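Participant: Below you'll find the structure I mean.
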Amino acid sequence: MTTTSTIKKGTVTGIISNLVMAVSDAPVAQNEICYISIGEEQLLGEIIKVIGKDIFIQCFESTRGMKVGNTIRFTDEMLEVTLGPGMLSKIYDGLQNDLKKFDSLLIKRGKRSEALDTSSRWHFVPLVEQGKTVSAGDWLGEVKENAIPHRIMVPFKLSGRYKIKKLVDEGDFGIDDVLAILESEEGENIDVKLWQKWPVKKPLKGYVEKVRPFAMLETGVRIIDTLIPIAEGGTGFIPGPFGTGKTVLQHAISKQADADVIIFAACGERANEIVDVFTEFPELDDPHTGRKLMERTIIIANTSNMPVAAREASVYTAMTIAEYFRNMGLKVLILADSTSRWAQALREMSNRLEELPGPDAFPMDLTAVIANFYARAGYVFLTNGSTGSITFLGTVSPSGGNLKEPVTEATKKSARCFYALSQKRADQKRYPAVDPTESYSKYLEYPEMQNYLHEHISALWIDMVTRTKDILLRGREVHDQINILGDDGVPLDYHVQFWKAEVIDFVILQQDAFDTIDAMTPIVRQKYMLQLVLQICQMEFDFKDFEEVAGFFKRIINKLKQLNYSTYESEQFKKIVEEYTLIINEKRIA
Amino acid sequence: MEYKAFQPIFYNITRINKATCELQCHMASYDEMAIINGKLAQVVKIVGDQVTLQVFSGTEGIPTDAEVLFTGEPPILKVSEDLAGRFLNAYGKPIDNGPEVQGEPRMIGGPSINPTKRERPSELILTGIAGIDLNNTLVTGQKIPFFADPEQPFNQVMADVALRAKADRIILGGIGLQHDDYLFFKNIFENAGAIDRIVSFINTTEDPSVERLLIPDMALTAAEYFAIDRNEKVLVLLTDLTLYCDALSIVSNNMDQISSKDNMPASLYSDLARLYEKAVQFPAGGSITIIAVTTLSGGDITHAIPDNTGYITEGQLFLRRDAEIGKTIVDPFRSLSRLKQLVIGKKTREDHPQVMNTAVRLYSDSANARTKLENGFDLNDYDKRCLSYAKEYSEKLLAIDVNVDIEDMLNTSWSLFSRYFKKEELAIRQDLVDKYWKD
Ligand SMILES: Nc1ncnc2c1ncn2[C@@H]1O[C@H](COP(=O)(O)OP(=O)(O)OP(=O)(O)O)[C@@H](O)[C@H]1O
Ligand SMILES: [Mg+2]
Numbered sequence: 001m002t003t004t005s006t007i008k009k010g011t012v013t014g015i016i017s018n019l020v021m022a023v024s025d026a027p028v029a030q031n032e033i034c035y036i037s038i039g040e041e042q043l044l045g046e047i048i049k050v051i052g053k054d055i056f057i058q059c060f061e062s063t064r065g066m067k068v069g070n071t072i073r074f075t076d077e078m079l080e081v082t083l084g085p086g087m088l089s090k091i092y093d094g095l096q097n098d099l100k101k102f103d104s105l106l107i108k109r110g111k112r113s114e115a116l117d118t119s120s121r122w123h124f125v126p127l128v129e130q131g132k133t134v135s136a137g138d139w140l141g142e143v144k145e146n147a148i149p150h151r152i153m154v155p156f157k158l159s160g161r162y163k164i165k166k167l168v169d170e171g172d173f174g175i176d177d178v179l180a181i182l183e184s185e186e187g188e189n190i191d192v193k194l195w196q197k198w199p200v201k202k203p204l205k206g207y208v209e210k211v212r213p214f215a216m217l218e219t220g221v222r223i224i225d226t227l228i229p230i231a232e233g234g235t236g237f238i239p240g241p242f243g244t245g246k247t248v249l250q251h252a253i254s255k256q257a258d259a260d261v262i263i264f265a266a267c268g269e270r271a272n273e274i275v276d277v278f279t280e281f282p283e284l285d286d287p288h289t290g291r292k293l294m295e296r297t298i299i300i301a302n303t304s305n306m307p308v309a310a311r312e313a314s315v316y317t318a319m320t321i322a323e324y325f326r327n328m329g330l331k332v333l334i335l336a337d338s339t340s341r342w343a344q345a346l347r348e349m350s351n352r353l354e355e356l357p358g359p360d361a362f363p364m365d366l367t368a369v370i371a372n373f374y375a376r377a378g379y380v381f382l383t384n385g386s387t388g389s390i391t392f393l394g395t396v397s398p399s400g401g402n403l404k405e406p407v408t409e410a411t412k413k414s415a416r417c418f419y420a421l422s423q424k425r426a427d428q429k430r431y432p433a434v435d436p437t438e439s440y441s442k443y444l445e446y447p448e449m450q451n452y453l454h455e456h457i458s459a460l461w462i463d464m465v466t467r468t469k470d471i472l473l474r475g476r477e478v479h480d481q482i483n484i485l486g487d488d489g490v491p492l493d494y495h496v497q498f499w500k501a502e503v504i505d506f507v508i509l510q511q512d513a514f515d516t517i518d519a520m521t522p523i524v525r526q527k528y529m530l531q532l533v534l535q536i537c538q539m540e541f542d543f544k545d546f547e548e549v550a551g552f553f554k555r556i557i558n559k560l561k562q563l564n565y566s567t568y569e570s571e572q573f574k575k576i577v578e579e580y581t582l583i584i585n586e587k588r589i590a
Numbered sequence: 001m002e003y004k005a006f007q008p009i010f011y012n013i014t015r016i017n018k019a020t021c022e023l024q025c026h027m028a029s030y031d032e033m034a035i036i037n038g039k040l041a042q043v044v045k046i047v048g049d050q051v052t053l054q055v056f057s058g059t060e061g062i063p064t065d066a067e068v069l070f071t072g073e074p075p076i077l078k079v080s081e082d083l084a085g086r087f088l089n090a091y092g093k094p095i096d097n098g099p100e101v102q103g104e105p106r107m108i109g110g111p112s113i114n115p116t117k118r119e120r121p122s123e124l125i126l127t128g129i130a131g132i133d134l135n136n137t138l139v140t141g142q143k144i145p146f147f148a149d150p151e152q153p154f155n156q157v158m159a160d161v162a163l164r165a166k167a168d169r170i171i172l173g174g175i176g177l178q179h180d181d182y183l184f185f186k187n188i189f190e191n192a193g194a195i196d197r198i199v200s201f202i203n204t205t206e207d208p209s210v211e212r213l214l215i216p217d218m219a220l221t222a223a224e225y226f227a228i229d230r231n232e233k234v235l236v237l238l239t240d241l242t243l244y245c246d247a248l249s250i251v252s253n254n255m256d257q258i259s260s261k262d263n264m265p266a267s268l269y270s271d272l273a274r275l276y277e278k279a280v281q282f283p284a285g286g287s288i289t290i291i292a293v294t295t296l297s298g299g300d301i302t303h304a305i306p307d308n309t310g311y312i313t314e315g316q317l318f319l320r321r322d323a324e325i326g327k328t329i330v331d332p333f334r335s336l337s338r339l340k341q342l343v344i345g346k347k348t349r350e351d352h353p354q355v356m357n358t359a360v361r362l363y364s365d366s367a368n369a370r371t372k373l374e375n376g377f378d379l380n381d382y383d384k385r386c387l388s389y390a391k392e393y394s395e396k397l398l399a400i401d402v403n404v405d406i407e408d409m410l411n412t413s414w415s416l417f418s419r420y421f422k423k424e425e426l427a428i429r430q431d432l433v434d435k436y437w438k439d
């Protein structure tokens, strides 16, 4: 972008909701940020289209009271986030205002707040020596932020190589202190502080190489880890009609997932769901570090009643912050709820711009926009050989629950795991309502992932998972048959097969997100349970009639559910296993 | 609404639609109110010197040389204690022959609440209706609609809920209310001696449909006054938001906007969310709970209106007629209160969550049995027990005329369990079965 010393001004020529039309004599750039004045208030906007002299701006705040002739100040900058220590535990809006820093109950427009805390002191430890040559993204030092070594990196905006002319010794510093001076090959000096800025719409790439994901990201959710695993650095999405459990599933994952940093992008959803997180997380323990969950969490909150344009910004803000942490060699998990709201924001704007509409009036380039966004996730190798990852899991809210709508279809082309929530399973309260046969993980087909599972869980694991899926599928088929032909119209064995699938369903697939023990199943326990359940599925039993079959398996399910509610390997747990073995032996053919 | 008296000016009106008209003007500000030919209107679009006004009572009779007064202010409501007991129209003007309401002018449709200033809802709202209290427990600060076909008694149920809930203030937003229903609400509130706790904003079917667009914002502005300024527990009733959405679509069609599914504006989700998200619990004790009605056509919940609503609200309550018992019930399958997990088993008895889930699961087994029966298959013993259970469950717990306390609802559930099932068929945690099973 050009840098001019004079202030670039423009004037408003029209207003339709959050679309502002303007003219300016100065040159402007696509995606340039501007401030529109209404009296004392300065409203933030972004240029989204230019036709001849006409500039189209999406305003991130309410345009109430705006008039033709109001002045606009262009900034020469794109929408940027401030990156540095102090972001963890924060609740930001889509434009990275720290919401806790606002005093009033209602969000006043035109108000901004600092993303980082200017009063905090951080203990800086250098990681390199003065005189070394470095380039963008290299680690200069670190400060400890909660459980995380927060690396202070060479600003990403720099290109080329720099010599470290000066680097401070270990000590306590504030956000604005100069920690290092870098000298470019041309002799230009650059100050490095604890923070730096980056435009959200540009992928932040400080890494050497992005590789195919190969490791499983443990989530503690059985149906995911056991049957449809997501890879660290992978992508997935959860489409489902309203109320089928997208948000509960994401929250469950966020509580247990094996990640260093969790970023919630609450995009056009309910404010109370954010309240849930910031009420609960400061109390809950992070199972991996023993610290509080909130310490590894960042919330980007653009709730559904906040200005629509900032919804789009919110997902990009989340992604950029994630990329920054990934470059510190950390595992980041982004949970975006719901990406459909972001697509709808694009649609509202595209309609106001009177662009040619695509299917369901969504913009024509929807698929490309979504694909570009998902492509920013991934598992990377950094210049110093460390690895970092961003795993992205978004929800999709298909209108009318119809999975053939444009946002679901576009997302399906980009995300590699598909967790379809089924209305039927939700109605039956079979939570999480992930449909075990429709859903898939492409990562299971990756040889590198298979190797990983082989080494980290068991050599038989993939085989067990395949068998489990077969039993579930078979269960579904025989269930249809029983429904068509009647209980008496099918062989007794059909009932046995149906009930074996039900055991898997009730004991492995269903998981109570609100029970402290059941909610959380580490992979060792998942392995134990799957082995147990598959043993039953292999056994042969002696039954008189189908009523006996149902009665028997219900007792089994009942016992195994009690098992799920007990602490792993506790006395109670062992006692239930014994009781269960007794029931099994009543009917089992040796 | 009262506005400072500027000088009205004659304008050349260049375009007139059913709900909007366009004129040439250089000074209009976005969203401000205007009075055109004596009718209230709002600026909804400005392109250069072309200003589009949305005329709330319709454009009938507006001439091409109309007199227009721009007020320079967005729509406002005057708020004070004086609102109590009053019946007002969409503009906040009395329709009860009382005096004008005096108070501080507040702009309606104002900014959103900072999420970090909210408190997590945790206070039960008890209604005595087991289909709600037991299966879909409500809490203060929640937003939830009734999904109902037009013939169902949703207004009655809503009035029952409102009067039994221990709210400090009830705000009724009547959107396209039938005149008879308006009188129904008036009577039932008067008879309950509750009129002083109630503020009503009423637009009936006799009033112009675009005026309806103001009702929810008026009601919610009043609600914010009582919840924020006076720390009260406020219950807002909005009936029927389907008619609100219809009015939105009239306006957007008049403005030549590309409509999305079911002829609704592409912004429908945001438009509805803006209203519902006013539901809130404040740490200081004040709260706004929104109970709304969304009528369905032919029970279709995939239609854009219920669909978008479902994605915004914290659950929904479905009313359905159970032919077998001849009563309206709260359908346990489609109904859901998403905030119930914040209170059940915590503020209610420990067995509540499991009892509720089990009761509904067994009821769904009865639905399977019924399908079998309809397909002409023999029923097994379990199926038969499920069917008998379902009938009694429906009668004793799901029917909307039930009015008992929550402890009784749980006890009734346990008696039904022991009458029709074996312990192991429940799949309820053993310690709870040991404690509550009724031999
Ligand atoms: N794993 C679970 N265990 C128990 N209950 C669940 C589970 N998942 C979902 N539920 C129930 O379903 C309700 C709705 O879930 P959730 O809010 O996650 O739906 P959603 O798909 O995010 O809906 P929306 O699209 O409207 O946001 C929850 O409030 C809860 O009652
Ligand atoms: Mg959700």
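Protein sequence lines, in the order shown, are assigned to chains A and B. Per the numbering used here, numbering through the first sequence is continuous, rising by one, with the last residue being 590. Per the numbering used here, numbering through the second sequence is continuous, rising by one, with the last residue being 439. Beta carbons: idealized from backbone N, C-alpha and C, even for Gly. Owing to the predicted nature of the structure, the values given are computational and were not obtained by experimental measurement.
Less than 7 Å between the CB of Lys246/A and some heavy atom of ligand 2, yes or no?
Facilitator: Correct: Lys246/A has its Cβ closer than 7 Å to ligand 2.
Participant: Let me know the alpha helix (DSSP H) ranges lying completely inside the stretch 366-445 of chain A, each 4 residues or longer, listed in chain order.
Facilitator: Those alpha helix (DSSP H) runs which fall completely within the stretch 366-445 of chain A and span 4+ residues are 366-374, 406-414 and 423-427.
Participant: Would you call the CB atoms of Glu280/A and Val308/A closer than 8 Å?
Facilitator: Not closer than 8 Å, so no.
Participant: Could you confirm whether any beta carbon from chain A is found closer than 8 Å to the beta carbon of Ser112/B?
Facilitator: Yes - at least one Cβ of chain A is within 8 Å of the one on Ser112/B.
Participant: For Gly14/A, decide whether its Cβ has a neighbour in chain B, counting only Cβ atoms nearer than 8 Å.
Facilitator: So, interface residue.
Participant: Around the C-beta of Met1/A, are 16 or more other C-beta atoms found within 10 angstroms, so that it is buried, or is it exposed?
Facilitator: In this prediction, Met1/A scores a pLDDT of 45, lower than 50, which makes its location untrustworthy; no coordinate-derived value is stated.
Participant: Who are the near neighbours of Thr4/A in its chain, counting only those whose CB is closer than 6 Å to its CB and skipping five residues on each side?
Facilitator: Residue confidence is low: Thr4/A scores 48 on pLDDT, short of 50, so the model does not pin down where it sits. Its coordinate-derived value is still stated next. Once the five neighbours on either side are set aside, Thr4/A has no close Cβ partner at all.
Participant: For the beta strand (DSSP E) containing Cys34/A, list its first residue and its last residue.
Facilitator: Per DSSP, Cys34/A belongs to the beta strand (DSSP E) from Glu32 to Ile38.
Participant: Looking at the strands, I want to know which residues DSSP matches up with Thr295/B.
Facilitator: Answer by DSSP bridge pairing, in chain order: Ala148/B.
Participant: For Tyr565/A, go through chain B and note every residue whose CB falls closer than 7 Å to its CB, in chain order.
Facilitator: Per Cβ cutoff of 7 Å: Arg429.
Participant: Quick one: what does DSSP say Met1/A is sitting in, helix, strand or coil?
Facilitator: The predicted position of Met1/A is uncertain, since its pLDDT is 45 and thus under 50; a value taken from the coordinates is nonetheless stated next. Looking at Met1/A - three-state DSSP - the assignment turns out to be coil, as it is neither helix nor strand.
Participant: Establish whether the CB of Ala420/A and some CB of chain B are separated by less than 8 Å.
Facilitator: It does not: the Cβ of Ala420/A has no partner Cβ on chain B nearer than 8 Å.
Participant: Would Ile164/A and Val128/A be called neighbours here (beta carbons separated by less than 8 Å)?
Facilitator: Against a cut-off of 8 Å, the Cβ pair of Val128/A and Ile164/A comes out as a contact.
Participant: Taking Cβ positions, are Leu194/A and Trp122/A nearer each other than 8 Å?
Facilitator: Their beta carbons are under 8 Å apart, which means Leu194/A touches Trp122/A by this criterion.
Participant: What residues from chain B crowd round Ile557/A, counting only those whose CB sits closer than 7 Å?
Facilitator: Near Ile557/A (Cβ distances below 7 Å), the residues of chain B are Ala427.
Participant: When burial is assigned at 16 or more other CB atoms within 10 Å of the CB, is Ser388/B buried or exposed?
Facilitator: The residue is exposed, with fewer than 16 neighbouring Cβ atoms inside 10 Å.
Participant: Let me know if Val507/A comes out buried or exposed under the rule of 16 or more other beta-carbons within 10 Å of its beta-carbon.
Facilitator: Burial call: buried.
Participant: Less than 7 Å separating the Cβ of Glu277/B from some heavy atom of ligand 2?
Facilitator: For ligand 2, not one heavy atom lies less than 7 Å from the Cβ of Glu277/B.
Participant: Could you tell me if Glu425/B is buried or exposed, where buried requires 16 or more neighbouring beta carbons within 10 angstroms of its beta carbon?
Facilitator: Per the 10 Å Cβ criterion, buried.
Participant: Using a Cβ-Cβ cut-off of less than 9 Å, give me the residues of the stretch 323-353 of chain A that come near chain B, in sequence order.
Facilitator: Here the close residues are Ser338, Ser340, Arg341, Gln344, Ala345, Arg347, Glu348, Ser350, Asn351 and Arg352.
Participant: Here's the rule I'm using: 16 or more other beta-carbon atoms within 10 Å means buried, otherwise exposed. How should Lys559/A be labelled?
Facilitator: That one is buried.
Participant: In terms of residues, what are the limits of the alpha helix (DSSP H) holding Arg64/A?
Facilitator: Neither: Arg64/A is in no alpha helix (DSSP H) and is coded neither H nor E.
Participant: Taking C-beta to C-beta, are Tyr316/A and Lys210/A nearer than 8 Å?
Facilitator: Contact flag unset, no.
Participant: Is there at least one non-hydrogen atom of ligand 2 closer than 7 Å to the beta-carbon of Glu269/A?
Facilitator: For ligand 2, at least one heavy atom lies less than 7 Å from the Cβ of Glu269/A.
Participant: Taking DSSP as the reference, what is the three-state secondary structure of Phe421/B?
Facilitator: Coil.
Participant: Checking contacts by CB at 8 Å: is Ile46/B closer than that to chain A?
Facilitator: By this cut-off, Ile46/B is an interface position.
Participant: Could you tell me if the beta carbon of Asp307/B falls within a distance shorter than 7 Å of some heavy atom in ligand 2?
Facilitator: No - ligand 2 has no heavy atom lying nearer than 7 Å to the Cβ of Asp307/B.
Participant: Expressed to the nearest angstrom, what Euclidean distance is found between the alpha-carbon atoms of Glu40/A and Leu335/A?
Facilitator: For Glu40/A and Leu335/A, the distance between alpha carbons rounds to 37 Å.
Participant: Using a C-beta cutoff of 8 Å, does Arg120/B count as contacting chain A?
Facilitator: For Arg120/B, the answer is yes, since a Cβ of chain A falls inside 8 Å of its Cβ.
Participant: Between Pro111/B and Ser314/A, which are expected to be in contact by the criterion C-beta below 8 Å, what is the C-beta distance as a whole number of angstroms?
Facilitator: Contact flag wrong, Cβ pair sits at about 17 Å.
Participant: What does Tyr162/A pair with, by DSSP beta-bridge criteria?
Facilitator: Tyr162/A pairs with Val134/A and Ser184/A.
Participant: Give the straight-line distance between the Cα atoms of Phe154/B and Leu319/B, rounded to the nearest whole angstrom.
Facilitator: Answer to the nearest angstrom: the Cα atoms are 8 Å apart.
Participant: Which residues, taken in chain order from the stretch 324-344 of chain B, show a beta carbon closer than 8 Å to some beta carbon of chain A?
Facilitator: So the close ones are Phe333, Arg334, Leu336, Arg338, Leu339 and Gln341.
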